[in-house]
Amino acid sequence: MKKRLLALFSLFILFFTACNQQQEKPLHIATNSWIGYAPLFYAKEKGYLGELNIKLITNVSLAEAADVYDIGKAEMVTTTQHEYYSLKNSGHKIVPVILFDRSNGGDLILSNKSLEELKSAKKIFAYLEIDSINAEILKDFIKHYNIDEKKITFINKDQAQIEEIEPLKSENMLIVTYVPYNLKLQKKGFKEVASTKNMNTIMVIDALCANKNIITQEAKRLQKLKHIIDRSIDELTADKKSSYKLIKSYLGNMSYNDYVESFQLIKWINKPSPQLLKRIEPMGYKKEDLIQ
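With mature numbering (1 follows the signal peptide of the UniProt record, and there is no 0) as the guide, the letters of the sequence shown map in order to residues -20 to -1, 1 to 272.
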């Protein structure tokens, strides 16, 4: 009799657990290979995301990640303000919910020519992801350095295609890119002519965005995700050698030295100051929507 009761109790526990698992449906985050999203890659490899039944869909570019979200294959998406605005303007009830970082040199403009040569050039070929923050960075650059936009030919490519570009002596080239894709290009001879470190008129914010319904329905899980992101940032920065081995494949298998240096090109804002929150609120990053 006791054995039968024990067996029935075990079946009840299994049934209850299965029901809970069914209720906790998987959530998907569309993201891309950017150093600022390293906490997500780290959390996945450590099993932290799996505990919350959250899966990553990693894409080559910012625009591709936004497209994955746009067609409904992901419930959440990592964005800069450009992708956030684009999705919002296309009808999505989307808001930033968790802050990651702000670019501090991680978004760059490279060229095979000097600034003076670019200013005097009659024709310039600019390679970039047109439907991304790349376009805003380039616009800011040409305005700051008083380069005539009419002489620029804009060529749309994703970052995987961009990093294969070779410098041509016969061509005045501009490339808008970001870590880790800049590394291969700079090894080929392209030089940095500007970055978000010295372009003070533009602030690039990276955040996790979601539909307001998801935020309401998954409030507890998102709170746990925020805790995991904070924990992952602490752990990966405290032990860079271990975290490098764990996530280098997400970042183009960059060298360890490049990995360490890349963290100097961003500033973590997962625990934002009141001053930063005030500055980014007019950009649509509302304090009441952000999990802190």
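Where is the CB? At the ideal position from N, CA and C, for every residue including glycine.
At what residues does the alpha helix (DSSP H) containing residue 114 begin and finish?
113 to 124
Roughly how many whole angstroms lie between the Cα atoms of residue 146 and residue 266?
42 Å
For residue 87: DSSP bridge partner residues:
158
Roughly how far, in whole angstroms, is the beta-carbon of residue 55 from the beta-carbon of residue 7, given that I think they are within contact range, below 8 Å?
5 Å
Taking just the CA atoms, how far does residue 228 sit from residue 41?
17 Å
Cross-strand partners of residue 179 (DSSP beta bridge)
Answer is none; residue 179 lacks a bridge partner.
Pick from 27, 90, 153: whose alpha carbon is nearest that of residue 103?
153
Quick check: residue 170 and residue 67, are their CB atoms within less than 7 Å of each other?
no
What is the C-beta distance between residue 10 and residue 45, in whole angstroms, given that I count them as a contact (C-beta under 8 Å)?
4 Å
Taking residue 187 and residue 76 to be in contact with their CB atoms under 8 Å, please state how far apart those CB atoms are, rounded to whole angstroms.
4 Å
I'd like to confirm the pairing. Which residues does DSSP put opposite residue 249 in its beta bridges?
Looking at the DSSP assignment, residue 249 forms no beta bridge with any residue, so it has no partner.
Between the region 171 to 180 and the region 78 to 88, do at least 3 Cβ pairs fall closer than 8 Å?
yes
So for residue 11, helix, strand or coil by DSSP?
strand
So with Cβ pairs under 7 Å, would you call residue 42 a contact of chain D?
No chain D appears in this structure, which consists of one protein chain only.
Can you give the Cα-Cα distance for residue 192 and residue 255, rounded to whole angstroms?
25 Å
Using DSSP with H/G/I as helix, E/B as strand and the rest coil, what is residue 170?
coil
From the DSSP secondary-structure annotation, give me the bridge partner or partners of residue 36.
9
Assigned exposure category for residue 262 - 16 Cβ within 10 Å defines buried
exposed
Going by C-alpha distance, which of 120, 107, 208 is nearest residue 161?
107
For the candidate residues 22, 127, 74, whose alpha-carbon lies nearest to that of residue 95?
127
Cβ contact check for the region 133 to 140 and the region 208 to 221: 3 or more pairs under 8 Å
no
Tell me where the beta strand (DSSP E) around residue 145 begins and ends.
Element bounds for residue 145: n/a, residue is neither H nor E.
Give me, in chain order, the residues of the same chain whose beta-carbon lies closer than 8 Å to that of residue 64; leave out the 5 immediate sequence neighbours on both sides.
74, 76, 187, 189, 264
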